[in-house]
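K.L.:
Below you'll find the structure I mean.
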Amino acid sequence: MKAAVIEKQGGVENIVYRDWEDPTPADDEVIVSVRACGLNHLDIFVRRGMPGFPVPMPFISGGDISGVIEEIGASVSDWKVGDRVTMNPQTDGGMVGEELIGGLAEKVCIPGKNLVPLPENVSFETGAAVPINYGTAHRMLFTRGKLKKGEVILVLGASGGVGLASVQFAQMIGAKVIAAAGTDEKCDRLSELGADHVINYQVEDFSKAAWLASDKKGCDVIVNFTGGDTWAPSLRAAKQRGRVLTCGATAGHDAQTDLRYLWVRELDVLGSNSYSQEDIVRSVDFVANGQLAPIVSDIFPLKDLAKAETLMENRGFFGKIVIKP
Ligand SMILES: NC(=O)c1ccc[n+]([C@@H]2O[C@H](COP(=O)([O-])OP(=O)(O)OC[C@H]3O[C@@H](n4cnc5c(N)ncnc54)[C@H](OP(=O)(O)O)[C@@H]3O)[C@@H](O)[C@H]2O)c1
């Protein structure tokens, strides 16, 4: 098969479109013919290298996969060749695209029990935008954050994968959404999508702007997977007993904090990691029945993965970048 292979860790020049041995399924696995693979910031981290998390090279990243079952292991009984699927990349043996060979290729091998049906009315491109972003946001907002109707939520990085999923879930349940992003154009798109208030944090102090937008009460819930310089100001935007949610640190994990806000406002800082298969199944259902509408910003052929990852690194997209073999 053809694959976009990371030959060694570093820049996008290390991604080579080339032949890779076809996968063969163990008894409990299936081979999926990949129709679309969504990009995540994780793909950038896997290529660049993560301290303390070695990835064996050469490697194929990509965990947000949709496609059609091509071959079935002997003990897989619930599925048949030709079924449309997406999948939970968190397998018992590790994460597909981070620890196990991923889906930025023509085929991928996955345990049958990780498959999720992709309804006919959800395209492969949309299906590849759901599992990681919406699964992560679903767990973070509801299982960990207990977000409720009527609460005020501030989402930083609202234009990206997990960010837009968080905005859409919050809108779906009737929360008031303050969406923050890095350009006026992205803010305009977020307004068009129904965000109650938008903040361009490249030109505005988002902490002050969110405070004002919440009628000087502060936000019930803050989503901050950016870290870095944004951490302390996001605490300042929270209300008394607010919840600050984090699932990542795109701009740096060694952020400075301001402990005064933690004790004076009795804030809860809640980490959220990964998602369950149920988070993904429910997200796909919400998409299929029209309650959520993932946005695919750009589609690239697999041979142009380096261009797609450059676009993600330059923050020049809105929603999800999708790759097609
Ligand atoms: N723990 C988990 O299970 C889990 C799962 C999924 C994702 N994550 C983490 O969540 C974060 C977001 O992932 P994603 O795939 O949604 O990323 P993404 O699609 O690239 O979106 C991230 C957004 O953050 C904003 N941003 C702010 N500062 C940035 C910076 N220094 N570099 C790049 N973008 C920056 C960008 O929007 P603007 O340009 O508008 O500012 C960008 O659109 C990542 O850190 C990822 O590792 C964790």
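Residue numbers in the sequence shown follow my numbering, run continuously in steps of one, and reach 325 at the last position. Heads up, the beta-carbon is just placed ideally off N, CA and C, and yes, glycines get one too.
Buried or exposed: where does Glu21 fall if 16 or more other Cβ atoms within 10 Å of its Cβ makes it buried?
P.N.:
Position 21 of the sequence shown, counted from the first residue, corresponds to residue 21. In summary, Glu21 is exposed, with fewer than 16 beta-carbon neighbours lying within 10 Å of its beta-carbon over all protein chains present.
K.L.:
Answer yes or no: do Glu29 and Gly112 have a C-beta to C-beta separation smaller than 9 Å?
P.N.:
By 1-based counting over the sequence shown, the position of residue 29 is 29. By 1-based counting over the sequence shown, the position of residue 112 is 112. Gly112 sits close to Glu29, with the two beta carbons spaced by under 9 Å.
K.L.:
Going by C-alpha to C-alpha distance, which of Ala180, Glu192, Leu147 sits closest to Ile173?
P.N.:
Sequence index remark: in the sequence shown, residue 173 carries index 173 (1-based). With distances taken between Cα atoms, Ile173 lies closest to Leu147.
K.L.:
If you pair each beta-carbon of the stretch 253 to 261 with each one of the stretch 280 to 289, do three or more pairs fall below 8 Å?
P.N.:
Short answer: they don't touch.
K.L.:
Please state whether the Cβ-Cβ distance between Val32 and Gly103 is less than 9 Å.
P.N.:
The residue labelled residue 32 in the question sits at position 32 within the sequence shown. The residue labelled residue 103 in the question sits at position 103 within the sequence shown. In terms of Cβ geometry, Val32 and Gly103 form a close pair [threshold 9 Å].
K.L.:
Would you report the Cα separation of Lys8 and Arg84, rounded to the nearest angstrom?
P.N.:
For the purposes of this step, residue 8 is taken as the residue at position 8 of the sequence shown. For the purposes of this step, residue 84 is taken as the residue at position 84 of the sequence shown. Cα to Cα, Lys8 sits roughly 33 Å from Arg84.
K.L.:
Tell me which residues share the same chain as Asn200 and place their Cβ nearer than 6 Å to its Cβ, disregarding the 5 neighbours each side in the sequence.
P.N.:
Numbered from 1 along the sequence shown, position 200 holds the residue referred to as residue 200. Leaving aside the five residues that flank Asn200 on each side, the residues in its chain whose CB is nearer than 6 Å to its CB run, in chain order, Asp184, Cys187.
K.L.:
Between the beta-carbon of Tyr17 and the beta-carbon of Ala4, is there less than 9 Å?
P.N.:
Position 17 of the sequence shown, counted from the start, is the residue given in the question as residue 17. Position 4 of the sequence shown, counted from the start, is the residue given in the question as residue 4. Against a cut-off of 9 Å, the Cβ pair of Ala4 and Tyr17 comes out as a contact.
K.L.:
Ignoring anything shorter than 4 residues, give me the alpha helix (DSSP H) runs that lie fully in the stretch 63 to 151, in order along the chain.
P.N.:
124 to 127, 131 to 138
K.L.:
Going by C-alpha to C-alpha distance, which of Phe53, Asn121, Gly67, Ile323 sits closest to Val108?
P.N.:
As a working note, residue 108 is residue 108 in the sequence shown. Minimum Cα distance to Val108 is reached at Gly67.
K.L.:
What is the C-beta distance between Gln171 and Gly194, in whole angstroms, given that I count them as a contact (C-beta under 8 Å)?
P.N.:
The residue labelled residue 171 in the question sits at position 171 within the sequence shown. The residue labelled residue 194 in the question sits at position 194 within the sequence shown. Confirmed, Cβ separation roughly 6 Å.
K.L.:
Got a sec: does ligand 1 put a non-hydrogen atom nearer than 8 Å to the Cβ of Leu245?
P.N.:
For the purposes of this step, residue 245 is taken as residue 245 along the sequence shown, with counting starting at 1. No - ligand 1 has no heavy atom lying nearer than 8 Å to the Cβ of Leu245.
K.L.:
Looking at Lys307 and ligand 1, is the gap between the Cβ and the nearest heavy atom below 8 Å?
P.N.:
Here the question's residue 307 lines up with position 307 in the sequence shown. Incorrect: Lys307 has no Cβ contact closer than 8 Å to ligand 1.
K.L.:
Pull up the CB-CB distance for Val198 and Ser207, whole angstroms please, since I reckon it's below 8 Å.
P.N.:
Numbered from its first residue, the sequence shown carries residue 198 at position 198. Numbered from its first residue, the sequence shown carries residue 207 at position 207. Contact doesn't hold; Cβ gap of about 15 Å is too wide.
K.L.:
Could you pull out every unbroken alpha helix (DSSP H) segment of at least 4 residues lying fully inside the stretch 180 to 240, listed in chain order?
P.N.:
184 to 192, 206 to 213, 231 to 236
K.L.:
Please specify which runs of the alpha helix (DSSP H), each continuous and at least 4 residues long, are wholly inside the stretch 230 to 315, giving them in chain order.
P.N.:
231 to 236, 259 to 264, 277 to 288, 305 to 313
K.L.:
Less than 9 Å between the beta carbons of Ala308 and Leu39, yes or no?
P.N.:
On the sequence shown, residue 308 is found 308 positions in, with the first residue counted as 1. On the sequence shown, residue 39 is found 39 positions in, with the first residue counted as 1. Yes.
K.L.:
Report buried or exposed for Leu164, applying the criterion of at least 16 other Cβ atoms within 10 angstroms of its Cβ.
P.N.:
On the sequence shown, position 164 is the one that residue 164 refers to. Label assigned to Leu164: buried.
K.L.:
Here's the rule I'm using: 16 or more other beta-carbon atoms within 10 Å means buried, otherwise exposed. How should Arg241 be labelled?
P.N.:
Position 241 of the sequence shown, counted from the first residue, corresponds to residue 241. Answer is exposed; the Cβ neighbour count stays below 16.
K.L.:
Since Lys149 contacts Ala175 with CB under 8 Å, what's their CB separation in whole angstroms?
P.N.:
Here the question's residue 149 lines up with position 149 in the sequence shown. Here the question's residue 175 lines up with position 175 in the sequence shown. Between Lys149 and Ala175 the beta-carbon gap is near 6 Å, inside 8 Å, which marks them as a contact.
K.L.:
Assess contact between the stretch 79 to 97 and the stretch 262 to 273, defined as three or more Cβ pairs (one per stretch) separated by less than 8 Å. Is contact present?
P.N.:
no
K.L.:
Here's the rule: buried if 16 or more other CB atoms are within 10 angstroms of the residue's CB, otherwise exposed. What is Gln90?
P.N.:
Start at 1 with the first residue of the sequence shown, and residue 90 comes out as number 90. Gln90 should be labelled buried.
K.L.:
Please determine, among Ile6, Pro25, Gly252, Gln202, the residue with the shortest C-alpha to C-alpha distance to Ile110.
P.N.:
Taking the first residue of the sequence shown as position 1, residue 110 is located at position 110. When only C-alpha atoms are compared, the closest one is Pro25.
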